[in-house]
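Enquirer: Sending over a structure as structure tokens; questions will come in a sec.
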Amino acid sequence: SAVISQKPSRDICQRGTSLTIQCQVDSQVTMMFWYRQQPGQSLTLIATANQGSEATYESGFVIDKFPISRPNLTFSTLTVSNMSPEDSSIYLCSVQTGSNQPQHFGDGTRLSIL
Amino acid sequence: GENVEQHPSTLSVQEGDSAVIKCTYSDSASNYFPWYKQELGKRPQLIIDIRSNVGEKKDQRIAVTLNKTAKHFSLHITETQPEDSAVYFCAAKTNFGNEKLTFGTGTRLTIIP
Numbered sequence: 002s003a004v005i006s007q008k009p010s011r012d013i014c015q016r017g018t019s020l021t022i023q024c025q026v027d028s029q030v031t032m033m034f035w036y037r038q039q040p041g042q043s044l045t046l047i048a049t050a051n052q053g054s055e056a057t058y059e060s061g062f063v064i065d066k067f068p069i070s071r072p073n074l075t076f077s078t079l080t081v082s083n084m085s086p087e088d089s090s091i092y093l094c095s096v097q098t099g100s101n102q103p104q105h106f107g108d109g110t111r112l113s114i115l
Numbered sequence: 027g028e029n030v031e032q033h034p035s036t037l038s039v040q041e042g043d044s045a046v047i048k049c050t051y052s053d054s055a056s057n058y059f060p061w062y063k064q065e066l067g068k069r070p071q072l073i074i075d076i077r078s079n080v081g082e083k084k085d086q087r088i089a090v091t092l093n094k095t096a097k098h099f100s101l102h103i104t105e106t107q108p109e110d111s112a113v114y115f116c117a118a119k120t121n122f123g124n125e126k127l128t129f130g131t132g133t134r135l136t137i138i139p
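Residue numbers (the numbering used here), protein chains in the order written: chain A, 2 to 115; chain B, 27 to 139.
Below, the structure written as structure tokens:
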């Protein structure tokens with residue numbers, strides 16, 4: 002399966018600041034997704050990153066708070082904007098190499114907001 | 027939208043015994059059901075999946091069964107080993123124009139040596 006690199010692996014940030022998380026895949030993939038996993042919780046889909054167009058956000062997530070880019074078929078970024086302690090979580094990128102293919106996850110970014 | 031319920035939330039079994047985790051889904055149009063294992067501090071890893079045209083699938087000590095009529099599917103782990111200790115997540119996907127997964131709440135499985 003594709004090798005997924007996510008950066009940074011962890012960060013500690015001040016409230017009110019923004020952080021951009023990168024997801025790089027070693028091969029072209031059709032679908033890229035961003036999830037949030039709060040401590041001890043399940044995975045919640047934030048949005049589907051669409052190549053060359055605006056991301057598709059799930060209920061409860063908005064573009065102003067979580068802007069997403071996907072300039073090509075191997076790379077995407079998620080920005081967590083104007084962070085507050087409630088944004089402390091693990092953010093995970095996942096990819097799918099084609100329709101009807103399984104999703105595979107990156108290692109995640111562990112984010113703590115002070 | 028799809029809703030996936032998972033039980034139990036925690037499960038402890040003696041090493042060598044079997045473990046069963048159950049999930050139910052709400053959308054009868056869902057047609058793909060993966061299971062992920064997440065060890066502490068690690069990424070979720072796909073361990074097995076099943077599509078709606080199949081009733082059961084096995085991979086060594088792991089099996090998944092699907093009952094479309096009842097809208098539930100189960101993960102079975104036989105001859106459990108300490109390295110099976112992890113959190114397991116089920117998920118469901120409705121493949122109509124999008125590929126998004128809806129996850130269950132997770133089961134923390136502990137294997138007692």
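Every residue, glycine too, gets a C-beta built ideally from N, C-alpha and C.
Here the structure is a predicted model, which is why all the values come from computation and not from measurement.
Which residues of chain A have a Cβ atom closer than 9 Å to the Cβ of residue 83/B, listed in chain order?
Expert: By Cβ distance, chain A contributes nothing, its closest Cβ being about 13 Å from residue 83/B, past 9 Å.
Enquirer: Helix, strand or coil: which one does DSSP assign to residue 108/B?
Expert: Three-state DSSP puts residue 108/B in a helix.
Enquirer: Enumerate in chain order the residues of its own chain whose CB-to-CB distance from residue 135/B is below 7 Å, with the five nearest sequence positions on each side excluded.
Expert: Cβ neighbours of residue 135/B beyond the five flanking positions: 37, 45, 110, 111, 112 and 114.
Enquirer: Below 8 Å between beta carbons: does that hold for residue 45/A and residue 57/A?
Expert: Going by C-beta atoms, residue 45/A is not nearer than 8 Å to residue 57/A.
Enquirer: Using a Cβ cut-off of 8 Å (strictly closer), state whether residue 33/A contacts chain B.
Expert: So, not an interface residue.
Enquirer: On the three-state DSSP scale, how would you describe residue 86/A?
Expert: It is helical.
Enquirer: Using C-beta distances below 7 Å, list every residue in its chain close to residue 98/B, excluding the 5 sequence neighbours before and after it, in chain order.
Expert: Excluding residues within five positions, the ones whose Cβ falls inside 7 Å are 48, 49 and 50.
Enquirer: Relative to the C-alpha of residue 130/B, which candidate in 108/B, 107/B and 100/B has its C-alpha closest?
Expert: Ranking the options by Cα distance to residue 130/B, first place goes to 100/B.
Enquirer: Three-state secondary structure (DSSP) at residue 70/B?
Expert: Three-state result, residue 70/B: coil.
Enquirer: Thinking just about the alpha-carbon of each residue, which of 67/B, 81/B and 59/B is nearest to the one in residue 73/B?
Expert: The candidate whose alpha carbon is nearest that of residue 73/B is 59/B.
Enquirer: Of all the options 29/B, 132/B and 138/B, which has the alpha carbon lying nearest to the alpha carbon of residue 39/A?
Expert: If we check each option's Cα against that of residue 39/A, 132/B comes out closest.
Enquirer: Closer than 8 Å by C-beta to residue 1/A: which residues in its own chain qualify, once you throw out the five before and the five after it? Chain order, please.
Expert: A question about residue 1/A goes unanswered here, because the residues of chain A that appear run from 2 up to 115.
Enquirer: Assuming residue 90/A and residue 112/A form a contact by the criterion Cβ under 8 Å, report the distance between their Cβ atoms to the nearest whole angstrom.
Expert: Contact flag correct, Cβ pair sits at about 6 Å.
Enquirer: Does the distance from the CB of residue 34/A to the CB of residue 104/A come in under 8 Å?
Expert: It is a contact, given that the beta carbons lie within the stated cut-off.
Enquirer: Taking C-beta pairs closer than 8 Å, name the residues in chain A that residue 63/B reaches, listed in chain order.
Expert: Per Cβ cutoff of 8 Å: no residues; residue 63/B is ~11 Å from chain A at best.
Enquirer: Using 8 Å as the Cβ pair cut-off and three pairs as the minimum, do the segment 13-27 of chain A and the segment 79-98 of chain A touch?
Expert: These segments touch.
Enquirer: Per DSSP, which residues does residue 60/B bridge with? Please list them.
Expert: Answer is 75/B.
Enquirer: Going by C-alpha distance, which of 103/B, 125/B, 42/B and 117/B is nearest residue 84/B?
Expert: Closest option to residue 84/B, Cα to Cα, is 103/B.
Enquirer: Residue 12/A lies in the beta strand (DSSP E); which residues open and close that run?
Expert: Per DSSP, residue 12/A belongs to the beta strand (DSSP E) from 11-14.
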